[in-house]
Amino acid sequence: LKKAYSMHFHPLKSLLIAGGHGGKISIFDLGRRRDITEIKDEGMEPSMTFKGSRGWISGVQFLSAGASGAMQAQSDQLLFLSTSNDGQLALWDASKQEETDGSARLVCSTS
1 LKKAYSMHFH PLKSLLIAGG HGGKISIFDL GRRRDITEIK DEGMEPSMTF
51 KGSRGWISGV QFLSAGASGA MQAQSDQLLF LSTSNDGQLA LWDASKQEET
101 DGSARLVCST S
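At position 110 of the sequence shown the residue is numbered 110 (the working numbering), and the sequence of numbers has no breaks.
Set out below in structure tokens:
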């Protein structure tokens, strides 16, 4: 991911999602690093990167059950939304990866 246009921290887990240039979406596991200087000096490789749209990604956001438990039916799901400049709105599940390329599984999309 060369340019990030949107980022969101998961409210309950140490994860950061970023979306941007070239339709790329990356998920970073921030719990794997202990010291911020490691990230600054060495950079940080994402846990997952994949092409989520033909256009550039304009927004990403994790969905979380929070206190109510109403949003996610299963605690092992890792759902997030993405929007792009080509008008696509997509719901993804990063806990279920595609066998072909390791990308998050597309649950549904507007286009």
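Quick reminder that beta carbons are idealized off the backbone N, C-alpha and C, glycines included.
If the five residues before and after MET48 are omitted, its C-beta is found closer than 6 Å to the C-beta atoms of ILE27, all from its own chain and listed in chain order. Within the same chain, Cβ atoms closer than 6 Å to the Cβ of LYS2 are found at HIS21, the five residues on either side in sequence being excluded.
Counting C-beta atoms within 10 angstroms of its own C-beta, SER53 has 16 or more neighbours from the protein chains shown and is therefore classed as buried. Taking a C-beta distance under 9 Å as the contact criterion, GLY59 and GLY23 do not qualify as a contact pair. Ranked by Cα distance from LEU78, the first of ASN85, LEU63, SER84 is LEU63. Ranked by Cα distance from MET7, the options ASN85, ILE57, MET44, ARG32 are led by ILE57. Residue burial annotation: GLY19 is buried, with at least 16 other C-beta atoms found within 10 angstroms of its C-beta.
GLY23 sits in a helix when the DSSP states are folded into three classes.
Short of 8 Å from the beta carbon of SER109, and not among the five residues preceding or following it, lie these beta carbons of its own chain, in chain order: GLN88, LEU89, ALA90, LEU91. Residue environment for LEU12: exposed (fewer than 16 other C-beta atoms within 10 angstroms of its C-beta).
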